[in-house]
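Asks: Got a structure here, written out as structure tokens. Questions coming.
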Amino acid sequence: MIKVVFFAKLRESLGTQAIELESTGISTVTDVLDTLHQRYPQWQSELVSTQLLVAINHEMAKLDSEVSSGDELALFPPVTGG
Amino acid sequence: MIKVQTEDFDVNHEYHRLAAKSEAGAIVTFVGLVRDLNLAQTVTALHLEHYPEMTEKSLRRIVQQAKQRWQLIDVSLIHRVGTLTVNQQIVFVGVSSRHRGDAFAACEFIMDHLKTEAPFWKKEHTDSGETWLDANEKDLQAAKRWR
């Protein structure tokens, strides 16, 4: 399984904090996004934002970064701390 | 020293902790506060969310990069989370070095990278409701100049 967590504005607009995906057929971040699009078509507008950032196991990652079973993948908007 | 906490911090205490090291010849500190006005809206409070498992890791990396780039003696970085009201302290960066140039540059480097890399998000409470803040283009440009 792959745990997908959401933060801030994205978490609020999706109405969920975390979900789990079967890792079968998933090898990159793009695969995770494609699976989310298929499973949750209602999330389409929130998940197509080119500004979304992604982290795998608490390290920043890219669309082509590898994802494996047991990973935690985080999706969030650009950061605004400080 | 890196801390993410809900409690306030004491700038005087943090300064004296950095000053206690005898080789320090310069200390630069920065404190970020909650502003009362943003984008023409009156701000009543600010909520700071973060990604607990990732935040300290991200801050440690930024401080490590600063230590590799300049000759620093010590760095203190404190970032608050939770709900803060106007004029409250959000973030403290304190840098000690032998000479002022390194401390000034490292302090600014750490803040510029914190604002664009560390997983914190601000939600503003104003008279007209709650709004998540968008990333600021000026902050992105500020971080790019160190490349």
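Chains as they are written, first to last, in the numbering used here: chain X, 64 to 145; chain W, 12 to 158. Each residue gets a CB set at the ideal place from its N, CA and C atoms; glycine is no exception. Note that this is a predicted model, so its numbers are computed, not measured.
Going by DSSP, which residues form a beta bridge with W/Val22?
Replies: For W/Val22, which the question treats as bridged, DSSP gives no partner whatsoever.
Asks: Is it true that the stretch 132-152 of chain W meets the stretch 15-32 of chain W, where meeting means three or more beta-carbon pairs spaced less than 8 Å apart?
Replies: As far as the Cβ criterion goes, the stretch 132-152 of chain W does not touch the stretch 15-32 of chain W, which means the pair count is below three.
Asks: Nearest CA to the CA of X/Pro140: which residue from X/Ile65, X/Met64, X/Leu73 and X/Lys66?
Replies: The shortest C-alpha separation from X/Pro140 is found at X/Leu73.
Asks: Identify, in the order they occur along the chain, each residue of the same chain with its Cβ nearer than 8 Å to the Cβ of X/Met44, setting aside the five sequence neighbours on each side.
Replies: Since the first and last residues shown for chain X are 64 and 145, residue 44 of chain X lies out of range.
Asks: Cutting at 7 Å between CB atoms, please list the residues of its own chain near W/Thr96, excluding the five before and the five after it.
Replies: So the list reads Val45 and Ala56, once near-sequence residues are dropped.
Asks: Tell me, please, whether the stretch 60-75 of chain W touches the stretch 144-157 of chain W by the rule of three or more beta-carbon pairs shorter than 8 Å.
Replies: The stretch 60-75 of chain W is not in contact with the stretch 144-157 of chain W.
Asks: Check whether the stretch 108-115 of chain W and the stretch 32-49 of chain W are in contact - that is, three or more C-beta pairs closer than 8 Å.
Replies: Flag = yes, the stretch 108-115 of chain W and the stretch 32-49 of chain W touch.
Asks: Would you mind reading off the limits of the beta strand (DSSP E) that contains X/His121?
Replies: It is not in any beta strand (DSSP E) - X/His121 carries neither H nor E in the DSSP assignment.
Asks: Strictly below 7 Å CB to CB, what residues from chain W border X/Ala118?
Replies: By Cβ distance, chain W contributes Met65.
Asks: Taking 8 Å as the cut-off, does the stretch 79-92 of chain W touch the stretch 118-132 of chain X (at least 3 CB pairs, one atom from each stretch)?
Replies: Judged by Cβ distances under 8 Å, the stretch 118-132 of chain X makes no contact with the stretch 79-92 of chain W, as fewer than three pairs qualify.
Asks: At 8 Å on the CB atoms, spell out the chain X contacts of W/Ala146, in chain order.
Replies: Going along chain X in sequence order, the residues near W/Ala146 (Cβ under 8 Å) are Gln114, Pro140, Pro141, Val142 and Thr143.
Asks: Buried or exposed for X/Gly145, please, with buried defined as at least 16 other CB atoms from any protein chain shown within 10 angstroms of its CB.
Replies: Buried: at least 16 other Cβ atoms inside 10 Å.
Asks: Please list the partners that W/Ala37 has in chain X, where partner means a Cβ-to-Cβ separation under 9 Å.
Replies: Within 9 Å Cβ-Cβ: nothing; W/Ala37 doesn't reach chain X, min ~22 Å.
Asks: Could I get the ranges of all uninterrupted alpha helix (DSSP H) runs contained in the stretch 127-158 of chain W, with 4 residues as the minimum, in chain order?
Replies: As far as the stretch 127-158 of chain W is concerned, its whole alpha helix (DSSP H) runs of at least 4 residues are 148-155.
Asks: I need the DSSP call for X/Gly145, collapsed to helix, strand or coil.
Replies: X/Gly145 falls in the coil class under three-state DSSP.
Asks: Have a look at the DSSP bridge pairing and note the partners of W/Gln52.
Replies: Answer is W/Asn49, bridged to W/Gln52.
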